[in-house]
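Trainee: Just dropping this structure here.
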Amino acid sequence: MPHQLLAKDGTALVSGEKIKPQNNREGVSADELLGRETNKPKARATGKVQQLFEEVSALPRRQQDKVVEFVSAFVRQQQQAEK
């Protein structure tokens with residue numbers, strides 16, 4: 036039986052098949068919206084760099100490319116300065 040999101044009077048508001056998982060900023064899955072149990076791993080602490088790159092991954096591809104270009108050049112420069 037398909038999962039449905041029901042109003043208080045029992046009428047179907049949204050069928051589970053119509054909710055498509057999307058990469059949203061809130062990080063809420065379709066399963067969570069429908070009240071299904073999820074095996075989502077517990078949140079873990081992340082470093083500043085990883086957290087920033089997760090935010091960068093939400094940017095449009097062209098902007099991501101600019102960030103990668105800048106960071107790559109910076110890292111190469113730092114590596115050469117250490118030699």
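If you read the sequence shown in my numbering, its first letter stands for residue 36, the second for the next number, and so on. Each residue gets a CB set at the ideal place from its N, CA and C atoms; glycine is no exception.
What's the gap between the Cα of Q86 and the Cα of A93?
Mentor: In the sequence shown, the residue the question calls residue 86 occupies position 51. In the sequence shown, the residue the question calls residue 93 occupies position 58. Going by the C-alpha atoms only, they are around 11 angstroms apart.
Trainee: Compute the Euclidean distance between the alpha carbons of F109 and Q115, then round it to the nearest angstrom.
Mentor: Looking up residue 109 in the sequence shown gives position 74. Looking up residue 115 in the sequence shown gives position 80. The straight-line gap from Cα to Cα measures roughly 10 angstroms.
Trainee: Three-state secondary structure (DSSP) at S92?
Mentor: On the sequence shown, position 57 is the one that residue 92 refers to. Residue state, collapsed to three classes: coil.
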